[in-house]
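Numbering (the UniProt record's numbering), first residue to last: 1 to 291. Report on the structure given below.
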């Protein structure tokens, strides 16, 4: 089966990035969101990011124009059911994802492949809520999608080989690299990354170091391009907490217990860059640590 039409559910940071790379690769993209404002914002961000690529010589003006013309939007979820490939990129809450798939299933084409961009939730469990677990996979892009080269491919227990091979071919067509991961909580990247971020929050919580000293230590002492607390703000503290909860619940090991300070920040609505406050305050000209 040739995949030409791609439906993306969610126009946030991940959904807009996914639409960006697929449209540049020549796919027709239909992006869905519950908010017209969210869709308009996503199109604006995609346009700005592509313009940046043009200015850096990564793509031509003609390629940008053609790619943007291949992106359409809709507020009606079932409109994307006629796609060859559906990529769910909604919030990292299992109940939300399950509801999306249950609404889509009655309207899908027989050959449509369903995928989730989840960074931690069981693919097998999500697939079980659909009529096609054999055509369901985890399709985990890294953030920011236009920049990061890795895509995790996660098979559920029922995923068949033609589905895996089809998605592997798609990843190659995007100019990215696929890594196959087993269906365990948080897969590969976040199984390693999120406990490190959580430990950085514990280091702050216990007074071992300040926000700035923790981030500078990891950048200068471990050669990380971004400190773990700065990275947490970039990802979204609510997403970090959701993934840690999946690890803690799924693996039943206290080493994955979310730091109480991370919980407190999320309860306060300080979710990082998207709310202008997290471990840094972004409301001024330069970010200022909040602790």
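Cβ coordinates follow ideal geometry from the N, Cα and C atoms, glycine included.
- Would you please state the rounded distance, in angstroms, between the beta carbons of residue 186 and residue 266? I believe it to be under 8 Å. What you label residue 186 is simply residue 186 of the chain shown in a count that begins at 1. What you label residue 266 is simply residue 266 of the chain shown in a count that begins at 1. Between residue 266 and residue 186 the Cβ distance is about 18 Å, and since that is not below 8 Å, they are no contact.
- residue 116: which of 204, 135, 279 sits nearest, CA to CA? Position 116 of the chain shown, counting from 1, holds the residue named residue 116. Residue 116 has its Cα closest to that of 135, out of 204, 135, 279.
- Roughly how many whole angstroms lie between the Cα atoms of residue 102 and residue 69? In the chain shown, residue 102 corresponds to position 102, counting from 1. In the chain shown, residue 69 corresponds to position 69, counting from 1. Going by the C-alpha atoms only, they are around 30 Å apart.
- Nonlocal neighbours in the same chain, by C-beta distance under 6 Å from residue 46, ignoring five residues either side: The count along the chain shown starts at 1 and reaches residue 46 at position 46. Excluding residues within five positions, the ones whose Cβ falls inside 6 Å are 16, 20.
- Query: How would you call residue 57, buried or exposed, if buried means at least 16 neighbouring beta carbons within 10 angstroms?
  - Reply: To locate residue 57, count along the chain shown from 1; it is residue 57. Result: exposed.
- Supposed close pair residue 104, residue 86 - CB separation, criterion 8 Å: What you label residue 104 is simply residue 104 of the chain shown in a count that begins at 1. What you label residue 86 is simply residue 86 of the chain shown in a count that begins at 1. That belief holds up - the Cβ atoms of residue 104 and residue 86 are roughly 7 Å apart, short of 8 Å.
- Given a threshold of 16 other Cβ atoms within 10 Å of its Cβ, counted over all protein chains shown, does residue 149 qualify as buried or as exposed? Residue 149 sits at position 149 when you count from the first residue of the chain shown. So residue 149 ends up on the exposed side.
- Simplified DSSP state of residue 194, which is helix, strand or coil: Sequence index remark: in the chain shown, residue 194 carries index 194 (1-based). Correct three-state label for residue 194: helix.
- Query: DSSP on residue 151, reduced to helix/strand/coil?
  - Reply: Taking the chain shown and counting its residues from 1, the one referred to as residue 151 is at position 151. Residue state, collapsed to three classes: strand.
- Task: Enumerate in chain order the residues of its own chain whose CB-to-CB distance from residue 36 is below 8 Å, with the five nearest sequence positions on each side excluded.
- Result: Indexing the chain shown from 1 puts residue 36 at position 36. Contacts found: 75.
- Does the stretch 179 to 193 come close enough to the stretch 209 to 219 to have 3 or more Cβ pairs within less than 8 Å? no
- Message: Quick check: the Cα distance between residue 133 and residue 157, rounded to an integer number of angstroms?
- Response: Taking the chain shown and counting its residues from 1, the one referred to as residue 133 is at position 133. Taking the chain shown and counting its residues from 1, the one referred to as residue 157 is at position 157. The alpha-carbon atoms of residue 133 and residue 157 are separated by roughly 8 Å.
- Task: Decide yes or no for the touch test of the stretch 193 to 205 against the stretch 121 to 131: beta carbon pairs closer than 8 Å, at least 3 of them.
- Result: Segments in contact, no.
- Task: Rounded to whole angstroms, what's the CA-CA distance from residue 205 to residue 34? Just pull it up for me.
- Result: The count along the chain shown starts at 1 and reaches residue 205 at position 205. The count along the chain shown starts at 1 and reaches residue 34 at position 34. Whole-angstrom Cα-Cα distance: 37 Å.
- Task: Give the DSSP-derived three-state secondary structure of residue 101 in the structure shown.
- Result: Position 101 of the chain shown, counted from the start, is the residue given in the question as residue 101. In the displayed model, residue 101 falls within a helix according to three-state DSSP.
- Could you pull out every residue in the same chain whose Cβ sits closer than 8 Å to the Cβ of residue 100, ignoring the five residues on either side in sequence? For the purposes of this step, residue 100 is taken as residue 100 along the chain shown, with counting starting at 1. Answer for residue 100: 9, 77, 88, 90, listed in chain order.
- Message: So, for residue 277: in the same chain, excluding its five sequence neighbours on each side, which residues have a beta-carbon less than 6 Å away from its beta-carbon?
- Response: By one-based count along the chain shown, residue 277 stands at place 277. Same-chain partners within the cutoff: 270.
- Query: In the structure shown, what three-state DSSP assignment does residue 32 receive?
  - Reply: Counting from 1 along the chain shown, the entry for residue 32 is found at position 32. Of the three classes helix, strand and coil, the one that applies to residue 32 here is strand, per DSSP.
- Continuous alpha helix (DSSP H) assignments of at least 4 residues falling wholly in the stretch 16 to 60: 36 to 55
- Query: Whose C-alpha, out of 122, 95, 138, is nearest the C-alpha of residue 114?
  - Reply: Reading the chain shown from its first residue, position 114 is the one you call residue 114. Selected option, being the one with the closest Cα: 138.
- Return the residue from the list 1, 147, 242, 62 that minimises the CA-CA distance to residue 112. One-based indexing of the chain shown puts residue 112 at position 112. Of the listed residues, the one whose Cα sits closest to residue 112 is 1.
- Query: Identify the residues that DSSP records as bridge partners of residue 70: which are they?
  - Reply: Taking the chain shown and counting its residues from 1, the one referred to as residue 70 is at position 70. DSSP, once it has assigned bridges, lists no residue as partnering residue 70.
- Query: Candidates 272, 221, 213: which alpha carbon is nearest residue 241's?
  - Reply: Your numbering for residue 241 matches position 241 in the chain shown. Nearest of 272, 221, 213 to residue 241, Cα basis: 272.
- Item | Same chain, Cβ closer than 8 Å to residue 256, five either side skipped, listed in chain order | Locating residue 256 in the chain shown gives position 256, counting from the first residue. Cβ neighbours of residue 256 beyond the five flanking positions: 195, 198, 244, 247, 248.
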